[in-house]
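Novice: Take 25 as the starting number for the sequence shown in the working numbering and just add one per residue. Positions of the beta carbon are idealized from the N, C-alpha and C atoms, including for glycine. Just so we're clear, the structure is a prediction, and the values are computed from it rather than from any experiment. Below is one structure. I have some questions about it.
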Amino acid sequence: MSEVEELESRVYNLPTEDFAKFRDWFLELENERWDNQIRSDFKAGKFNRLIEKTREEFEKPVAWAE
Numbered sequence: 025m026s027e028v029e030e031l032e033s034r035v036y037n038l039p040t041e042d043f044a045k046f047r048d049w050f051l052e053l054e055n056e057r058w059d060n061q062i063r064s065d066f067k068a069g070k071f072n073r074l075i076e077k078t079r080e081e082f083e084k085p086v087a088w089a090e
């Protein structure tokens with residue numbers, strides 16, 4: 025049995041209260057990792073083109089329909 029399969033089995037068999045605690049912990053960990061990835065990508069300049077494009081669109085004149 026692989027380590028992941030063992031974890032799956034152990035999580036599946038947790039009592040309801042322990043599963044809820046594990047779920048909350050895991051979601052917090054997932055959110056933290058996501059935040060760290062976004063922060064890292066931003067520092068690496070991976071959003072620069074998107075930011076530039078957004079500014080270009082924002083600065084375009086708006087034609088209002090009448």
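Taking only three categories from DSSP, how would you classify residue 58?
Specialist: Three-state DSSP puts residue 58 in a helix.
Novice: Report yes if the C-beta distance between residue 46 and residue 28 is below 8 Å; otherwise report no.
Specialist: No; because the gap between Cβ atoms is not below 8 Å, this pair is not in contact.
Novice: Helix, strand or coil: which one does DSSP assign to residue 71?
Specialist: Three-state DSSP puts residue 71 in coil, outside helix and strand.
Novice: Rounded to a whole number of angstroms, what is the C-alpha to C-alpha distance between residue 78 and residue 89?
Specialist: Going from the Cα of residue 78 to the Cα of residue 89 covers about 22 Å.
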